[in-house]
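K.L.:
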Ligand SMILES: C[S@@+](CC[C@H](N)C(=O)[O-])C[C@H]1O[C@@H](n2cnc3c(N)ncnc32)[C@H](O)[C@@H]1O
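Listed below in structure tokens is the structure:
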């Protein structure tokens, strides 16, 4: 087979593959993404034993045995960029202005938090550490999920290189994150405080089975979705919030443009969306 070049991805092949990816995981691609999309697609097609992208497409779309190949393609396409203490002001405010008063008022009930696109784990581990620093971790259940099997495996290994550690606070070093040369490992107690699951944000049934949460973090993933998918996902996440529960999105993500039934609130200089009493 002639080594494929990006131009080998015709407009019609791009259209059907981008439609398939959007249908399965919500990620939306525009015309500017063709080159990078094509090279990842060809690499995964070859790995799966195909030298025709059309045959690969039909396999992914219709074959009952395509689950592993589809997961491999998703793993190749998703952007797993994350790091410890990312957009941390919002997490500090969540701990101090939401979780602490909630626990104080809840007479023994544990709080539940879901990190819904947790990537390789730095975000839920950061949250667990911030809660532990405040003596709150034992009263909080943290569930973390992502659609990427590869990212989840790395999250559970909890071993990180310099990119993940670039904003690591000094207070985390040694006590919570054991640094050894260029790499660092998360302390076992923090690892054990976070439970990881593979959950696709488009899978309404799997999401409904998770129960309800006091806070849901869905940060820096909505930007990859179309407005239509964003509305659908936010609706599904809002349905998992307890009355009074908080939804956190990334600093560059706003739901105001697309609209939501949740109330927009500012706390401690950070923005949150709140379920004002709607029982689900
Ligand atoms: C850029 S990372 C954000 C990680 C973290 N929330 C943060 O803010 O640092 C985006 C993550 O969203 C995940 N993702 C993309 N589409 C998804 C979907 N349909 N369901 C669940 N996770 C998805 C990707 O696998 C990736 O790990």
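In our numbering, the protein residues as written are 362 to 641. The beta carbon of each residue, even a glycine, is placed where N, CA and C say it ideally should be.
Taking 7 Å as the cut-off, is the CB of residue 393 close to at least one heavy atom of ligand 1?
P.N.:
Along the chain shown, one-based indexing puts residue 393 at 32. False, no ligand heavy atom lies under 7 Å from that Cβ.
K.L.:
Three-state secondary structure (DSSP) at residue 444?
P.N.:
The residue you call residue 444 lines up with position 83 of the chain shown. The answer is coil: DSSP assigns residue 444 none of H, G, I, E or B.
K.L.:
Residues in the same chain with beta-carbon distance under 6 Å from residue 537, minus the five sequence neighbours each way, listed in chain order, please.
P.N.:
Within the chain shown, numbered from 1, the residue matching residue 537 stands at position 176. Same-chain partners within the cutoff: 490, 548 and 551.
K.L.:
Applying the 10 Å Cβ sphere with the 16-neighbour rule, what's the burial state of residue 362?
P.N.:
By 1-based counting over the chain shown, the position of residue 362 is 1. Because residue 362 sits at a pLDDT of 49, beneath the cut-off of 50, its placement in the model cannot be relied upon, and the following sentence gives the value as read from the coordinates. Residue 362 should be labelled exposed.
K.L.:
Is residue 562 closer than 8 Å to residue 592 when the C-beta atoms are compared?
P.N.:
For the purposes of this step, residue 592 is taken as residue 231 along the chain shown, with counting starting at 1. For the purposes of this step, residue 562 is taken as residue 201 along the chain shown, with counting starting at 1. Their beta carbons are not under 8 Å apart, which means residue 592 does not touch residue 562 by this criterion.
K.L.:
Compute the beta-carbon to beta-carbon distance between residue 460 and residue 472, rounded to the nearest angstrom, for a pair I have assumed lies under 8 Å.
P.N.:
Position 99 of the chain shown, counted from the first residue, corresponds to residue 460. Position 111 of the chain shown, counted from the first residue, corresponds to residue 472. About 5 Å; that satisfies the 8 Å criterion.
K.L.:
In the DSSP assignment, what are the bridge partners of residue 521?
P.N.:
As a first step, residue 521 is located in the chain shown; it is residue number 160 there, counting from the start. Answer is 545.
K.L.:
Which of the three DSSP states is assigned to residue 607 in this structure?
P.N.:
The count along the chain shown starts at 1 and reaches residue 607 at position 246. Residue state, collapsed to three classes: strand.
K.L.:
In or out: residue 558 buried (at least 16 other Cβ within 10 Å) or exposed?
P.N.:
As a working note, residue 558 is residue 197 in the chain shown. Flag for residue 558 reads exposed.
K.L.:
Is the separation between the beta-carbon of residue 387 and that of residue 590 shorter than 8 Å?
P.N.:
Counting from one through the chain shown, the residue named residue 387 turns up at place 26. Counting from one through the chain shown, the residue named residue 590 turns up at place 229. Closer than 8 Å, so yes.
K.L.:
Just to confirm, is the Cβ distance from residue 603 to residue 625 under 8 Å?
P.N.:
Counted from its first residue, the chain shown places residue 603 at position 242. Counted from its first residue, the chain shown places residue 625 at position 264. Their beta carbons are not under 8 Å apart, which means residue 603 does not touch residue 625 by this criterion.
K.L.:
Give the list of continuous beta strand (DSSP E) stretches no shorter than 3 residues that lie fully inside the stretch 435-497.
P.N.:
As far as the stretch 435-497 is concerned, its whole beta strand (DSSP E) runs of at least 3 residues are 472-476.
K.L.:
Straight-line CA distance for residue 456 to residue 435?
P.N.:
On the chain shown, position 95 is the one that residue 456 refers to. On the chain shown, position 74 is the one that residue 435 refers to. The straight-line gap from Cα to Cα measures roughly 33 Å.
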